[in-house]
Amino acid sequence: MIKEKMFKWLNDLWPICRSITGKGVRETLIYLKDLLPDLKILEASSGYQAFDWTVPDEWNIHNAWIEDEKGNRIIDFKNNNLHVVGYSVSVNKFIDLATLQSHLFSLPNQPDAIPYVTSYYSPEWGFCLSHNQRNSLKSGLYKVFIDSELKPGVMNFGEVILSGENKKEVLLSTYICHPSMANNELSGPVVTAAIVQWLKSLPRLRYTYRILFIPETIGSIVYLSKNLDHLKQNVIAGFNITCVGDDNCYSFLPSRAGDTLSDRIAIHVLKNIDPGFKKYSWLDRGSDERQYCAPGVDLPIATIMRSKYGEYPEYHTSLDNLSFVTATGLEGGFLALKKSIESIELNCIPIANTVCEPFLSKRKLYPTLSKKNSAIETKNMMNFLTYTDGKKDLIEISNIINVPVWKLTNIVEKLKKENLIKII
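All residue numbers for the sequence shown refer to our numbering, where the first residue is 9 and numbers rise by one.
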């Protein structure tokens, strides 16, 4: 089953130490390419100028630890890759506890959690640990050791393009730049990979699909700098995919415009699968939707999530682990995005071919005998027909008559077959 496959992928990718550049990103992309043969692994060199940003030097870490005076290893990068501040420069020296404290990070209000901390654009070094462990440190000298490299290299990212009957595109984007965090990081790539496999299995695609696996922020900015004109001309809808793996309620963050096809589709799907979903505003943004919807870019990108980033206590800590994300949670994220894509594919503007109501009985579309459910089906068909004025698309009609768009498919096909409607 798809949920078991996704959870296996997540477990396989879990140990890899990812950042915005480096070996971990490449390992992740190589793993994804085994799942998705169409994936192209691309790169941008350190120093590449993307609008107001510059691709930083490539960072790789080999080992890191802290030992006390007796040689007891109290922190070890190999035990948890969150222990080292991301992009830490190399260090190898003895320091006293007071000096060490200025390079330690913990969360007093979450004393058992290791925080996730980075310093991408400033040469720093540091360690992260639980606050309980930090409080247990005793005065004395400590050996701090970080074996890392920071030098010119590349930033890697992945791209899959699935051609459809129409050159207009749906953009799906997820990120691959965090170390071991299950919901905030890995749920996005594994659910997206499952979506790509599903799209590949379909007999036809109405639209072309552009799917990105990128480092957050700098990845989307670089990709936009290389493809902006094409994207502005062709992308009609899309979703930023992150935090789609836990079992909590669904969340929605709109595009900056707030009324794009992506927004309407996402709200339509979520209200039908989880009426209690949480709706955020553009002011609550924080992921790559910031770049895709930025002034001058203005792409129609919304975000569907389970627990929204920054809104659950496990976020950006070691508590966002393989216990927080579940196979059923991943399946729920997958199904929400699958239904959203199906709705985009199904959406159209229907126009009636008859004046006044059509005579459905002679076409055997109106029941001559009353049977269970026949009245509901007929009512849905009649309600659908009354709005086929060429002014409303399928999503709008679905919302008005309170029937999910995927339940209207059969009605649309029947009416098309009898030449009672035409489709724009």
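Idealized CB from N, CA, C, for every residue including glycine.
As the structure is a prediction and not an experimental result, all values here were calculated from the model.
Exercise for the section: Could you check the C-alpha separation between residue 339 and residue 295 for me, to the nearest Å? Expected result: Taking the first residue of the sequence shown as position 1, residue 339 is located at position 331. Taking the first residue of the sequence shown as position 1, residue 295 is located at position 287. Going from the Cα of residue 339 to the Cα of residue 295 covers about 22 Å.
Practice task
Count the other C-beta atoms from every protein chain shown that fall within 10 angstroms of the C-beta of residue 129, then say buried if there are 16 or more, exposed otherwise.
Solution key: Taking the sequence shown and counting its residues from 1, the one referred to as residue 129 is at position 121. Exposed, by the Cβ-count rule.
Practice task
Going by CA-CA distance only, name the one from 83, 113, 426, 133 that's closest to residue 124.
Solution key: As a position in the sequence shown, residue 124 is number 116, starting the count at 1. Taking only the C-alpha atoms, the option nearest residue 124 is 113.
Problem - Inter-stretch contact (C-beta, 8 Å, three-pair minimum) for the stretch 202-211 and the stretch 146-156 - result: no
Exercise for the section: Could you work out which residue in 394, 80, 36 is closest to residue 187 when comparing CA atoms only? Expected result: Reading the sequence shown from its first residue, position 179 is the one you call residue 187. Minimum Cα distance to residue 187 is reached at 36.
Problem - Under the three-state DSSP convention, the category residue 9 falls into - result: Residue numbering aside, residue 9 sits at position 1 when the sequence shown is read from its first letter. DSSP places residue 9 in coil when its eight states are reduced to three.
Practice task
To the nearest angstrom, report how far apart residue 88 and residue 25 are at their CA atoms.
Solution key: On the sequence shown, position 80 is the one that residue 88 refers to. On the sequence shown, position 17 is the one that residue 25 refers to. Each residue's alpha carbon lies about 9 Å from the other.
Practice task
Taking only runs that begin and end inside the stretch 24-59, name each unbroken beta strand (DSSP E) of 3 or more residues, in chain order.
Solution key: 48-53
Exercise for the section: Provide the residue(s) that pair with residue 72 in DSSP beta bridges, ordered along the chain. Expected result: Start at 1 with the first residue of the sequence shown, and residue 72 comes out as number 64. DSSP lists 154 as partners of residue 72.
Handout entry: Closest Cα partner of residue 251 within the set 192, 268, 203, 99
Key = The sequence position of residue 251 within the sequence shown is 243, counting from 1. Closest option to residue 251, Cα to Cα, is 192.
Practice task
Classify residue 264 as helix, strand or coil using the three-state DSSP reduction.
Solution key: As a working mapping, residue 264 is identified with position 256 in the sequence shown. Here residue 264 sits in coil by DSSP.
Exercise for the section: Look at the Cβ atom of residue 190, then the Cβ atom of residue 332, and state whether they are nearer than 7 Å. Expected result: Translated into the one-based positions of the sequence shown, residue 190 becomes position 182. Translated into the one-based positions of the sequence shown, residue 332 becomes position 324. Yes. Within cutoff.
Problem - Test item: CB-CB of residue 172 and residue 215 under 7 Å - result: Taking the sequence shown and counting its residues from 1, one reaches residue 172 at position 164. Taking the sequence shown and counting its residues from 1, one reaches residue 215 at position 207. Yes, these two residues count as a Cβ contact at 7 Å.
Exercise for the section: Kindly list the residues whose CB is nearer than 7 Å to the CB of residue 416, restricted to its own chain and excluding five residues on each side of it in sequence; keep chain order. Expected result: Within the sequence shown, the letter at position 408 stands for residue 416. Counting only Cβ-Cβ distances below 7 Å, and skipping sequence neighbours, we find 392, 402, 406.
Problem - Nearest residue (CA-CA) to residue 229, options 181, 275, 265, 384 - result: As a first step, residue 229 is located in the sequence shown; it is residue number 221 there, counting from the start. Residue 181 is the option with its Cα nearest to residue 229.
Problem - Which of helix, strand or coil DSSP assigns to residue 437 - result: Residue 437 lies beyond the range of the chain shown here (9 to 432); nothing can be said about it.
Exercise for the section: Excluding the 5 residues preceding and the 5 following residue 422 in the sequence, name in chain order all residues of the same chain whose CB lies nearer than 7 Å to its CB. Expected result: For the purposes of this step, residue 422 is taken as residue 414 along the sequence shown, with counting starting at 1. If we look at residue 422 and ignore the five residues flanking it on each side, its Cβ neighbours are 373.
Exercise for the section: Would you grab the beta carbon distance between residue 156 and residue 98 for me? Rounded to a whole angstrom, and I think it's under 8 Å. Expected result: Position 148 of the sequence shown, counted from the first residue, corresponds to residue 156. Position 90 of the sequence shown, counted from the first residue, corresponds to residue 98. Indeed they touch by this definition, with Cβ atoms about 5 Å apart.
Practice task
Using a threshold of 7 Å, state whether the C-beta atoms of residue 245 and residue 352 are closer than that.
Solution key: Numbered from 1 along the sequence shown, position 237 holds the residue referred to as residue 245. Numbered from 1 along the sequence shown, position 344 holds the residue referred to as residue 352. Contact: yes.
Practice task
Could you check how far apart the C-beta atoms of residue 263 and residue 310 are, in whole angstroms? I think they sit under 8 Å.
Solution key: Mapped onto the sequence shown, residue 263 falls at position 255. Mapped onto the sequence shown, residue 310 falls at position 302. Indeed they touch by this definition, with Cβ atoms about 5 Å apart.
Exercise for the section: With a 10 Å radius around its C-beta and 16 neighbouring C-beta atoms as the bar for buried, classify residue 57 as buried or exposed. Expected result: In the sequence shown, counting from the first residue as 1, residue 57 sits at position 49. Classification of residue 57: exposed, given that the 10 Å Cβ count is below 16.
Exercise for the section: Less than 8 Å between the CB atoms is what I'm expecting for residue 431 and residue 424, so what's the real figure, rounded? Expected result: Within the sequence shown, residue 431 is the residue found at index 423, counting from 1. Within the sequence shown, residue 424 is the residue found at index 416, counting from 1. Rounded, the Cβ-Cβ distance is 7 Å, consistent with contact.
Practice task
Can you grab the Cα-Cα spacing for the pair residue 278 / residue 146, in whole Å?
Solution key: Translated into the one-based positions of the sequence shown, residue 278 becomes position 270. Translated into the one-based positions of the sequence shown, residue 146 becomes position 138. Using only the alpha carbons, I get a separation of about 52 Å.
Practice task
Check each candidate in 94, 163, 138 and name the one with the smallest Cα separation from residue 131.
Solution key: On the sequence shown, residue 131 is found 123 positions in, with the first residue counted as 1. The residue with the shortest Cα to Cα distance from residue 131 is 94.
Exercise for the section: With a cut-off of 8 Å on the beta carbons, I'd call residue 256 and residue 315 a contact; round off their distance for me. Expected result: Position 248 of the sequence shown holds residue 256. Position 307 of the sequence shown holds residue 315. With a Cβ gap of about 5 Å, residue 256 and residue 315 count as contacting.
Handout entry: residue 217, enclosing beta strand (DSSP E) - first and last residue
Key = For the purposes of this step, residue 217 is taken as residue 209 along the sequence shown, with counting starting at 1. Run containing residue 217: 216-222, per the beta strand (DSSP E) assignment.
Practice task
For the stretch 257-313, list the beta strand (DSSP E) runs that are entirely contained and at least 3 residues long, ordered along the chain.
Solution key: 259-261, 309-313
Practice task
Determine the contact status of residue 73 and residue 84, defining contact as a CB-CB distance below 7 Å.
Solution key: As a first step, residue 73 must be located in the sequence shown, where it is residue number 65. As a first step, residue 84 must be located in the sequence shown, where it is residue number 76. In this structure, residue 84 lies closer than 7 Å to residue 73 by Cβ.
Problem - Endpoints, beta strand (DSSP E) assigned at residue 440 - result: In the structure as shown, the chain begins at 9 and stops at 432. Residue 440 is therefore absent and cannot be evaluated.
Exercise for the section: Compute the distance between the beta-carbons of residue 398 and residue 429, then report whether it is under 7 Å. Expected result: Here the question's residue 398 lines up with position 390 in the sequence shown. Here the question's residue 429 lines up with position 421 in the sequence shown. Contact: no.
Problem - Start and end residues, beta strand (DSSP E) containing residue 246 - result: The residue labelled residue 246 in the question sits at position 238 within the sequence shown. Unbroken beta strand (DSSP E) run through residue 246: 243-249.
Handout entry: Paired residues, beta bridge with residue 136 - DSSP
Key = In the sequence shown, counting from the first residue as 1, residue 136 sits at position 128. Answer is 113, bridged to residue 136.
Practice task
Between the Cα of residue 300 and those of 341, 178, 116, 386, spot the shortest distance and give me the residue it belongs to.
Solution key: Residue mapping note: residue 300 aligns to position 292 of the sequence shown, counting from 1. It is 178.
Exercise for the section: Give a yes or no on whether the minimum CB-CB distance between residue 94 and chain B is below 7 Å. Expected result: This model lacks chain B altogether, as it is built from one protein chain only.
Exercise for the section: Would you give the residue range spanned by the beta strand (DSSP E) that residue 165 belongs to? Expected result: Your numbering for residue 165 matches position 157 in the sequence shown. From DSSP, the beta strand (DSSP E) with residue 165 extends over 162-170.
Exercise for the section: Measure the alpha-carbon distance for residue 341 versus residue 199 and round it to whole angstroms. Expected result: The residue you call residue 341 lines up with position 333 of the sequence shown. The residue you call residue 199 lines up with position 191 of the sequence shown. Roughly 7 Å between the two C-alpha positions.
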